[in-house]
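Student:
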Amino acid sequence: MFESLSDETMLIAVDIIIIMTISALLGYTAYRILRNPFRYPYFVYTFDVSYKRNVDITDYVDGFLCDERNWDMLIAHQRNIIDWKETTEDYLASCVLKKHRTKQYREILDDQRAFQFETVRGQTRYRQRNYIRSSYRVPVSDKRLVANWQWLLQRHYALSQIGYETTLKNYSRKNQRKLMTAALRRRIMERDNYTCRHCGKYMPDEVGLHIDHIIPIAKGGRTIPSNLQVLCSKCNGRKGSRG
10 MFESLSDETM LIAVDIIIIM TISALLGYTA YRILRNPFRY PYFVYTFDVS
60 YKRNVDITDY VDGFLCDERN WDMLIAHQRN IIDWKETTED YLASCVLKKH
110 RTKQYREILD DQRAFQFETV RGQTRYRQRN YIRSSYRVPV SDKRLVANWQ
160 WLLQRHYALS QIGYETTLKN YSRKNQRKLM TAALRRRIME RDNYTCRHCG
210 KYMPDEVGLH IDHIIPIAKG GRTIPSNLQV LCSKCNGRKG SRG
């Protein structure tokens, strides 16, 4: 009697396991079939702003757009988005679960946030192994800017009006003298070969070398490469005396 009960219990247990396994497989299959298979192809770019203060992410994006290679990369990505849409819509036209898949596709369309820029800062963290403490850095999100293709086109056009020489913020900045950085000075000196643009004096040791605003700041001149030139001290003095 006990043996028959034991066998019967075992059979019931096996049946329960089989039913549970089949249910799990059916549930997983249903999940695989019904889940959203589409992923929007976002463009994501990060700027490392570690140790920098008062970061304006829009200014960083402007600098990014001023580089022709970056702009070509953005154009290529916009084309990829268009191609992805066309391929997906062709698939939906002959899809078995057309209504369900079309709804899922429309849910993940996100053209207004297609291009995403983020600033990150490296944070130092510590780990201890075998009584030895070591440090490592991890990127931590700081600020974020999301944009659509039209915004990028308008921004790029505005930058083209100033020759992609600086950001829109710097171009409209009141205190233009603060934009004369050591890196910009070096760039102008190398461009002009350390030579006075008026008299041709060569100054490789940089003694008497001045970086001059062609159109003075007082008259609306900007601190951008096209408005800067190398002058020797004499020529710079003569220009100043002429006003």
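At position 90 of the sequence shown (counting the first as 1) the number is 99 in our numbering, and the numbers step up by one without a gap. Virtual Cβ for every residue (Gly too), placed ideally from N, Cα, C.
#1: Under the DSSP definition of a beta bridge, which residues are partnered with R146?
#2: Round the Cβ separation of S59 and R130 to the nearest angstrom and send it over; I've been treating them as touching at under 8 Å.
#3: For Y100, which three-state DSSP category applies?
#4: Drop a sphere of 10 angstroms on the beta-carbon of D119, count the other beta-carbons inside from all chains shown, and report buried for 16 or more, exposed for fewer.
#5: Measure the beta-carbon distance from R164 to D68 and round it to whole angstroms, keeping in mind my assumption that it falls under 8 Å.
#6: From what residue to what residue does the alpha helix (DSSP H) around V70 run?
#7: Is the CB-CB distance between I226 and Q159 below 7 Å?
#8: Are the Cβ atoms of R239 and D201 separated by less than 7 Å?
#9: Quick check for students: name the residue ranges of the beta strand (DSSP E) that lie wholly in the segment 176-245, counting only runs of 3 or more.
#10: Going by the CB atoms, is the gap between Y114 and F52 shorter than 7 Å?
Tutor: According to the data block:
#1: Its beta-bridge partners are T133.
#2: Their Cβ separation, rounded to whole angstroms, is 5 Å, which keeps S59 and R130 in contact under 8 Å.
#3: Here Y100 sits in helix by DSSP.
#4: By the neighbour-count criterion, in which 16 or more other beta carbons inside 10 Å mark a residue as buried, D119 falls on the exposed side.
#5: In fact, because the Cβ distance is near 11 Å, the residues do not count as touching under 8 Å.
#6: Where V70 is concerned, the enclosing alpha helix (DSSP H) stretches over I66 to C75.
#7: Going by C-beta atoms, I226 is not nearer than 7 Å to Q159.
#8: According to the sequence shown, residue 239 is Val rather than Arg. In contact: V239 and D201 (Cβ atoms closer than 7 Å).
#9: Within the segment 176-245, complete beta strand (DSSP E) segments of at least 3 residues are found at 218-222 and 237-241, given in chain order.
#10: Not in contact: F52 and Y114 (Cβ atoms no closer than 7 Å).
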